[in-house]
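Counted the way numbering that gives the first Met the number 0 counts, the sequence shown spans residues 0 to 285. All C-beta atoms in this analysis are idealised placements derived from N, C-alpha and C, irrespective of residue type, glycine included.
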Amino acid sequence: MLERRDGILLDQDALFDVMVKRLHEYKRQTLKLLHVITLYQRIQDNPSIDLLPRVVLFGAKAAPGYRVAKNTIALINAVARVLDNDPLVAGRLRIAFPANYNVTLAESLIPAADLSEQISLAGKEASGTGNMKLTLNGALTIGTLDGANVEIHRLVGEENFFLFGLTEPEVQATVTAGYRPQEFYGSNPMLRRALESIAGGEFSRGDRDEFAPLVDSLLGNDQFLVLAEYQAYIDAQDRVEAAYRDPRAWTRSAILNVARSGFFSSDRSIRDYLDRIWHATEVPVG
């Protein structure tokens, strides 16, 4: 069934895969996009492949002077245009990036989400509140052990959370040992092909320069270990696909996400501030 949202026609029967947050390299919207490109290439290789219909919804804004973030937004929309114009993926894979993500738009996107993308590199997310809101609304999380994901994972249970990636100590050890993203690029054909499609101009009308800074940054530095965690993320997304094909089990997990997330209520949060930060006494009202 198709329904229009914010001027975009969406298939409500597809998995709504939602990544809504500030655009920043450590939040790794690029990793999500590499997954989309990998799915697209699976369809190209085997047009009859039985892939779960998926709508990937991005919502983000970049700081005015943050060139890499703006270039990432441009790439997301460039990939979206290619998908929209390829009949091979019609009804199977879609990117939607509604403009001006704000609270009003969040009121529609967050309750609609099936899958919550919380894939920042472990140790980089100070807390995270969007992930709490998505959990409270029944979305299952795919994520790393970072920020509030740690608490969500503990509360909802391993079986109701799609965990992947390095822990914070493992991240530190990887960097300290001398992380070389080129090694992951060279050893993983799927990753190499996805990056080469960007570098080769497949999503920029043949222009190899438009997104070269993004590719060069990943291959030359990759300070947020996108290439190191690409395969683990792809494997976790394959688990998502298998789980979503069982509507009864998925619905049970969604209900448990809601039922077990009361810890994130504002009442509990304010009481914690009273007891642990402000050391203030309660004042009766009325």
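Alpha-carbon spacing of Y65 relative to R27, whole angstroms: Using only the alpha carbons, I get a separation of about 15 Å.
Ignoring anything shorter than 4 residues or poking outside the region 213-245, list the alpha helix (DSSP H) runs there in chain order. As far as the region 213-245 is concerned, its whole alpha helix (DSSP H) runs of at least 4 residues are 225-243.
Rounded distance between the beta-carbons of A121 and E157, thought under 8 Å: The C-beta distance from E157 to A121 rounds to 17 Å, too long to fall under 8 Å, and the pair is not in contact.
Can you confirm whether the region 24-41 touches the region 103-120 when touching is taken to mean that 3 or more C-beta pairs between the two stretches lie within less than 8 Å? The region 103-120 vs the region 24-41: in contact.
D271 versus V81: straight-line alpha-carbon distance, rounded: Distance between the alpha carbons of D271 and V81: 48 Å.
Does the region 145-163 come within contact of the region 240-260, defined as at least 3 CB pairs closer than 8 Å? Segments in contact, yes.
CA-to-CA distance, A79 to I94, given in whole angstroms: Their backbone Cα atoms lie some 5 Å apart in a straight line.
What is the DSSP secondary structure of S265, counted as helix, strand or coil? Residue state, collapsed to three classes: helix.
Can you find at least 3 beta carbon pairs, one from the region 36-45 and one from the region 14-23, that sit closer than 8 Å? Three or more Cβ pairs closer than 8 Å define a contact, and the region 36-45 falls short of that threshold against the region 14-23.
Helix, strand or coil for E182 per DSSP? Under the three-state reduction of DSSP output, E182 falls in the helix class.
Would A112 pass as a contact of L92 if the rule is Cβ separation under 8 Å? Against a cut-off of 8 Å, the Cβ pair of L92 and A112 comes out as no contact.
Can you check whether the CB of I141 is closer than 8 Å to the CB of L87? In this structure, L87 keeps its C-beta atom at 8 Å or more from the C-beta atom of I141.
Rounded C-alpha distance that separates V170 from A242: Each residue's Cα considered, the two are about 28 Å apart.
Are I72 and A61 closer than 8 Å when you measure CB to CB? Taking the C-beta atoms as reference points, A61 is found nearer than 8 Å to I72.
Return helix, strand or coil for I42, following the three-state DSSP convention. It is helical.
Which residue comes first and which comes last in the beta strand (DSSP E) that contains S115? Unbroken beta strand (DSSP E) run through S115: L114 to Q117.
Runs of beta strand (DSSP E) wholly within the region 86-148 (minimum 3 residues, chain order): For the region 86-148, whole beta strand (DSSP E) runs of length 3 or above, ordered along the chain, are 92-95, 114-117 and 139-142.
D292 - partner residues in DSSP beta bridges: Outside the displayed span of the chain (0 to 285) sits residue 292, for which this structure offers no information.
Are I197 and V214 closer than 8 Å when you measure CB to CB? Note that the C-beta distance between I197 and V214 is below 8 Å.
Enclosing beta strand (DSSP E) for I7 [first to last residue]: Looking at the DSSP string, the run of the beta strand (DSSP E) that includes I7 is I7 to D10.
My output table needs one value for L165: the three-state DSSP class, helix, strand or coil. In the structure shown, L165 adopts coil according to DSSP, grouped into three states.
Is it the case that the Cβ atoms of V55 and D10 are separated by a distance below 8 Å? No, these two residues do not count as a Cβ contact at 8 Å.
Neighbourhood of L218 by C-beta, 7 Å cutoff - its chain only, sequence neighbours within 5 removed: These residues qualify, in order along the chain: P180, Q181 and Y184.
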